[in-house]
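J.: Here you go, one structure.
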Amino acid sequence: MRVVLKYTREERVKYISHLDLMRAMQRAVRRADIPVAYSQGFNPHPIMAFASPLPVGVTSQAEYMDIVLEQPMSLPVLRERLNHALPKGIGILDAAVVDDKAPSLMSMVERADYRVTVHGFDWQQVLDAYNERTEILVEKRTKRKVTSVNLKDSIYSLQPDKESRDILYLSLSIGKKGSLPPGAVAEALLKLPEQNDKENGSMVFIHRIGLYCRINGQWTTPLSMKRN
Amino acid sequence: MDRLLLDSIMGQVSKPVRYMGNEYNMVEKNPEDVSIRFAFAFPDVYEVGMSHLGMKILYHLINEREDTYCERVFAPWTDMEEKMRQAGVPLFSLETKTPVSQFDLVGFTLQYEMSYTNLLNMLDLAGIPLLAEDRKEGHPFVIVGGPCAYNPEPLADFVDLVALGEGEEIIVELLDQYAEWKGSGESRREFLERAAQIPGIYVPGFYDVSYLEDGRIRSVKPNNPAAEERVAKRIIRNMDEAYFPDRLILPFMDIVHDRIMLELFRGCTRGCRFCQAGMIYRPIRERTPEKLLEMADKLIRSTGYEELSLASLSSSDYSCLEGLVRQLMERYQDKRVALSLPSLRLDSFEKDYIQEMQKVRKTGLTFAPEAGTQRLRDVINKGVTEEDLFKAVTDAFESGWNGVKLYFMIGLPTETQEDLQGIADLAKGVAQCYYNVDPEKRHKGLKITISTSSFVPKPFTPFQWEAQNTMEELKEKQSFLKKALNLKNIYYNWHDPGTSYMEAVFARGDRRLGKVLLSAWKNGAKFDGWTEHFKMNAWMKAFEENNLQPGFYAHRKREKDEIFPWDHIDVGVSKAYLWKEWERALEGKTTPDCRLDCTGCGIRRLGEGLC
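Residue numbers (my numbering), protein chains in the order written: chain A, 1231 to 1458; chain B, 259 to 869.
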């Protein structure tokens, strides 16, 4: 039985890496005594797959992962037991059973939405500069090489908050088409206006609002993959 | 603490998770609700400190008290330190991010001599005066404990109190005294006087040390009526009744020892003559298998750890090992908890256990013959033979292992070229054992790793009178081994002789070294145990600046009647016994395991009725 879990990663645990998160989840699953399937081999570990690793320092209200249960279990019980066993700051919000043969979460998600806050900064100036440009080249680092890509190809939309203009809503492409880390996008955007009133060293807070897949031409959350 | 400022620097350093806290099983209290705040400080980086069992025990033990909140503090890595100093962020606790200077007591555990500069650096980062004499009312008291605290003299200028021996009871008694003192309006000195009356608490400031012209010690005398002539270490009498936490903090990041450590017993009866732990942790006290199974059960449930190791000085000496291992296997195999047996001794290593271990998960195989020939192994009283080693590795190779690590020491007393050649011969012998195994049965890819550390004479061992080899001698021996071990499938690792030299100086150091420590730290020494940070020049300059010779401490052979800087510390094992063992060593005579027959080490004085 394959189950997709939606969970949060809050401020108090935002500096953990993806590997740290995986380890924490594995141990929580063991503490909660969830009958999960284990991998084979010398170092068996609970089988888990994640939609999209969250960068160190970024918080999120909508992360997704899936686990495989060896015995069926009621979803509310699963949620409660896991929440009891998880470190504070990581919480399961929702769970849904999906088809065993459904594609992996990682291959499904194509869009990630973020809220980027820089206290005292006005994002409107970024938006104006952004709209004037047809191409914004940024360096993209992979293990092997550094390439130059057009930032605009990775951005679905960007919009300052109507009331607090130090908040930017940013919608990025992820997955198959390649993706840029939100921190790098924010840094590149902050450099756009000629007159930058961002004080040197002021913090950029990034929060992931959602991850989305496209099913039948509609943007929807990975939980909608659930078995009917 | 300005959280936004802290956040902004954490966003700029490597592995910020080291400074985050908030791990599962971290103790959360409202600081307003307690009257005593205790900072448990480990003078190394998070992933090293969090691997230490003693800290885990004392952290939860102290937090059992309603009146006290114990929080953790580690040495920030150099990138973090730099940012903290730039931004004016003082050293802070992980739990509540409170500046360490605001705590009542700061307790450092001393696991290794080369962490002393980190202790100074942490006090400085905390804004606490480095010298005990400069601390005033309102400053925290600085306490040290742990194995290096048995000779705390090089740190005498910097610490207020030393806790000797096992901490479970003494820390509670100390906190009781502190609670009484705190509301009393008494002076700092009066607290130290109260503390000095607790058995096992040593206040360095209450002793005067005088020196002979040649630099040796003339005498150590108390200068305060509250101080005893000699301070004896503390021992927990009943390990089943001793406090043990039913949960452990689960680090988010990968740490050095990330597993449940089940402490089967304390002490060791083997009597290896180079081994300080084997002497200072006497007498041997075992937990019952029932207690251990109960502990294992609670810890596995509360942590979700996937690995459990048996942690004792010589775990395979545990009297009920077979039954315990079998029970652990049966209970946890389905839960996929791997069992690992570290520091196995050859002579009690049996094929059965290897196979048991393999049932759940394969762990690395390590052996420590320590010396290359039987003659030298007799000198150091490591009662292991070539036959034992070859039998054990043959069994391992037959059971599917293909990698073995062998640990040796170079520079041991009486060592000759023949003993060094012996290391290479043993390595070749082990390789031959592999090739003697039926190729159908053995796994491909033989890898034999030979590691040599350099012998450091330690206080409270029979070798405390011996000189260490000079760096030149050690380097020569290492080059010899590099050539002799340049063989197929054999890999050789060695330790930096400079680090071993400084370790030897501080292990047997006296109070005059406090000035050297301070100078070395000012010259930039920190994280000296980390090869990439060790700065020999900073140390050599520090000795010059203070007109002291490091060779006096490391390379000098002592006479029988010399007064040692640590003679007023009583670990139970007597100096007379150690001298007798030193003489036997030079005669090449072994001393049997004292489980077989009491060898009269003197511990019975402290641990009456325990062995």
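All C-beta atoms, glycine included, are put in the ideal place defined by N, C-alpha and C. Since the structure is predicted, the reported quantities are computational estimates derived from the model, not experimental observations.
Any beta carbon from chain B within less than 8 Å of A:Lys1318's own beta carbon?
T.: Taking the first sequence and counting its residues from 1, one reaches residue 1318 of chain A at position 88. Yes - at least one Cβ of chain B is within 8 Å of the one on A:Lys1318.
J.: Closest by CA to B:Asp543, which one among B:Glu424, B:Arg505, B:Lys593 and B:Met308?
T.: Taking the first residue of the second sequence as position 1, residue 543 of chain B is located at position 285. First, the amino acid is wrong: residue 543 of chain B is Arg here, not Asp. Nearest of B:Glu424, B:Arg505, B:Lys593 and B:Met308 to B:Arg543, Cα basis: B:Glu424.
J.: Buried or exposed for A:Asp1391, please, with buried defined as at least 16 other CB atoms from any protein chain shown within 10 angstroms of its CB.
T.: Here residue 1391 of chain A corresponds to residue number 161 of the first sequence, with the count starting at 1. Classification for A:Asp1391: exposed.
J.: With distances taken Cα to Cα, identify the nearest neighbour of A:Leu1380 among A:Arg1374, A:Lys1421 and A:Lys1370.
T.: Here the question's residue 1380 of chain A lines up with position 150 in the first sequence. According to the sequence provided, residue 1380 of chain A is Asn. The question's Leu does not apply to it. Of A:Arg1374, A:Lys1421 and A:Lys1370, the residue nearest in Cα terms is A:Lys1370.
J.: Decide if B:Gly529 is buried, meaning its Cβ has at least 16 other Cβ atoms within 10 Å, or exposed.
T.: The residue labelled residue 529 of chain B in the question sits at position 271 within the second sequence. So B:Gly529 ends up on the buried side.
J.: Does the beta carbon of B:Met511 sit closer than 8 Å to a beta carbon anywhere in chain A?
T.: Your numbering for residue 511 of chain B matches position 253 in the second sequence. Yes - at least one Cβ of chain A is within 8 Å of the one on B:Met511.
J.: Taking only the alpha-carbon atoms, compute the straight-line gap between A:Ser1384 and B:Tyr665 and give it to the nearest angstrom.
T.: Position 154 of the first sequence holds residue 1384 of chain A. Position 407 of the second sequence holds residue 665 of chain B. Answer to the nearest angstrom: the Cα atoms are 54 Å apart.
J.: Could you tell me the boundaries of the alpha helix (DSSP H) in which B:Ala843 lies?
T.: Looking up residue 843 of chain B in the second sequence gives position 585. Per DSSP, B:Ala843 belongs to the alpha helix (DSSP H) from Lys833 to Leu844.
J.: Do B:Val489 and B:Val306 count as a contact pair if the criterion is CB distance below 8 Å?
T.: Looking up residue 306 of chain B in the second sequence gives position 48. Looking up residue 489 of chain B in the second sequence gives position 231. In this structure, B:Val489 does not lie closer than 8 Å to B:Val306 by Cβ.
J.: With burial defined as no fewer than 16 other Cβ atoms inside 10 Å of the residue's Cβ, what is the status of B:Ala834: buried or exposed?
T.: Looking up residue 834 of chain B in the second sequence gives position 576. Its Cβ having fewer than 16 others within 10 Å, B:Ala834 is exposed.
J.: Measure the C-alpha to C-alpha separation of B:Ile538 and A:Glu1241 and round it to an integer number of angstroms.
T.: On the second sequence, position 280 is the one that residue 538 of chain B refers to. On the first sequence, position 11 is the one that residue 1241 of chain A refers to. If you take the alpha carbons of B:Ile538 and A:Glu1241, they lie about 45 Å apart.
J.: If the criterion is Cβ atoms closer than 8 Å, does the pair B:Ala297 and B:Val275 meet it?
T.: On the second sequence, residue 297 of chain B is found 39 positions in, with the first residue counted as 1. On the second sequence, residue 275 of chain B is found 17 positions in, with the first residue counted as 1. Result no, Cβ atoms of B:Ala297 and B:Val275 do not sit closer than 8 Å.
J.: Taking the alpha-carbon of B:Asp291 as reference, which of B:Ser758, B:Leu264, B:Val271 and B:Cys328 has the nearest alpha-carbon?
T.: Residue numbering aside, residue 291 of chain B sits at position 33 when the second sequence is read from its first letter. The shortest C-alpha separation from B:Asp291 is found at B:Cys328.
J.: Measuring straight from C-alpha to C-alpha, what distance separates A:Thr1238 and A:Asp1250?
T.: Translated into the one-based positions of the first sequence, residue 1238 of chain A becomes position 8. Translated into the one-based positions of the first sequence, residue 1250 of chain A becomes position 20. In a straight line, the C-alpha of A:Thr1238 is about 15 Å away from that of A:Asp1250.
J.: Contact defined as beta carbons within less than 8 Å: I believe B:Tyr374 pairs with B:Leu775. What is the distance between those atoms, to the nearest angstrom?
T.: Reading the second sequence from its first residue, position 116 is the one you call residue 374 of chain B. Reading the second sequence from its first residue, position 517 is the one you call residue 775 of chain B. Between B:Leu775 and B:Tyr374 the Cβ distance is about 6 Å, and since that is below 8 Å, they are a contact.
J.: Buried or exposed for B:Pro697, going by 16 or more other Cβ atoms inside 10 Å?
T.: If you number the second sequence from 1, residue 697 of chain B lands on position 439. Result: exposed.
J.: Based on DSSP bridge pairs, tell me the residues matched to B:Lys705.
T.: If you number the second sequence from 1, residue 705 of chain B lands on position 447. In the DSSP output, where bridge partners are listed per residue, B:Lys705 has B:Gly661.
J.: DSSP on B:Tyr576, reduced to helix/strand/coil?
T.: In the second sequence, the residue the question calls residue 576 of chain B occupies position 318. Coil at B:Tyr576, not helix or strand.
J.: Whose C-beta lies closer than 7 Å to the C-beta of B:Gln270 among residues of the same chain, with five residues either side of it excluded?
T.: For this step, residue 270 of chain B is matched to residue 12 along the second sequence. Only Lys341 meet the Cβ criterion.
J.: For the region 316 to 396 of chain B, list the beta strand (DSSP E) runs that are entirely contained and at least 3 residues long, ordered along the chain.
T.: You should have 326 to 332 and 363 to 367.
J.: Reducing DSSP to helix, strand and coil, say where B:Gln569 ends up.
T.: Within the second sequence, residue 569 of chain B is the residue found at index 311, counting from 1. A small correction: the amino acid at residue 569 of chain B is Ala; Gln does not occupy that position in the sequence shown. Reduced to three states, the DSSP call for B:Ala569 is coil.
J.: Are B:Val417 and B:Val430 close, meaning C-beta to C-beta below 8 Å?
T.: Working through the second sequence from its first residue, we reach residue 417 of chain B at position 159. Working through the second sequence from its first residue, we reach residue 430 of chain B at position 172. For B:Val417 and B:Val430, no; Cβs fall outside 8 Å.
J.: Distance cutoff 8 Å, beta carbons only. Does B:Ser777 sit that close to anything in chain A?
T.: Here residue 777 of chain B corresponds to residue number 519 of the second sequence, with the count starting at 1. It does not: the Cβ of B:Ser777 has no partner Cβ on chain A nearer than 8 Å.
J.: Please classify B:Leu433 as buried or exposed, where buried requires at least 16 neighbouring CB atoms within 10 angstroms.
T.: For the purposes of this step, residue 433 of chain B is taken as the residue at position 175 of the second sequence. That one is buried.
J.: Would A:Tyr1268 pass as an interface residue toward chain B - the criterion being a Cβ-Cβ separation below 8 Å?
T.: Locating residue 1268 of chain A in the first sequence gives position 38, counting from the first residue. Taking Cβ atoms only, chain B reaches closer than 8 Å to A:Tyr1268, which makes this a yes.
J.: Name the one or two DSSP bridge partners that B:Cys533 has.
T.: Working through the second sequence from its first residue, we reach residue 533 of chain B at position 275. Note: B:Cys533 sits in no beta bridge, so no partner.
J.: Measuring CB to CB, does B:Asn379 end up less than 8 Å from B:Asp302?
T.: To locate residue 379 of chain B, count along the second sequence from 1; it is residue 121. To locate residue 302 of chain B, count along the second sequence from 1; it is residue 44. No, the Cβ-Cβ distance between B:Asn379 and B:Asp302 is not below 8 Å.
J.: So does the region 788 to 797 of chain B actually touch the region 309 to 318 of chain B, counting three or more Cβ pairs closer than 8 Å?
T.: No, the region 788 to 797 of chain B is not in contact with the region 309 to 318 of chain B.
J.: When the Cα of B:Thr652 is compared with those of B:Leu450, B:Tyr465 and B:His701, which residue comes out closest?
T.: In the second sequence, residue 652 of chain B corresponds to position 394, counting from 1. The shortest C-alpha separation from B:Thr652 is found at B:His701.
J.: What are the residues of the region 537 to 570 of chain B that lie near chain A, defined by any Cβ-Cβ distance shorter than 8 Å?
T.: Cβ contacts with chain A come from Arg559, Ser560, Thr561, Gly562, Tyr563 and Glu564.
J.: Would the beta-carbon of A:Leu1308 fall within 8 Å of that of A:Ala1281?
T.: As a first step, residue 1308 of chain A must be located in the first sequence, where it is residue number 78. As a first step, residue 1281 of chain A must be located in the first sequence, where it is residue number 51. Against a cut-off of 8 Å, the Cβ pair of A:Ala1281 and A:Leu1308 comes out as no contact.
J.: When the Cα atoms are used, what is the spatial distance from A:Val1298 to A:Thr1450?
T.: Your numbering for residue 1298 of chain A matches position 68 in the first sequence. Your numbering for residue 1450 of chain A matches position 220 in the first sequence. Distance between the alpha carbons of A:Val1298 and A:Thr1450 is about 22 Å.
J.: Any idea what DSSP makes of B:Leu771, helix, strand or coil?
T.: The residue labelled residue 771 of chain B in the question sits at position 513 within the second sequence. B:Leu771: helix per DSSP, three-state reduction.
J.: Is the Cβ-Cβ distance between B:Ala778 and B:Ala812 less than 8 Å?
T.: Taking the first residue of the second sequence as position 1, residue 778 of chain B is located at position 520. Taking the first residue of the second sequence as position 1, residue 812 of chain B is located at position 554. No, the pair does not count as a contact, with Cβ atoms beyond the cut-off.
J.: Less than 7 Å separating the Cβ of B:Lys716 from some heavy atom of the ligand ATP?
T.: This structure does not include the ligand ATP; it has no bound ligands of any sort.
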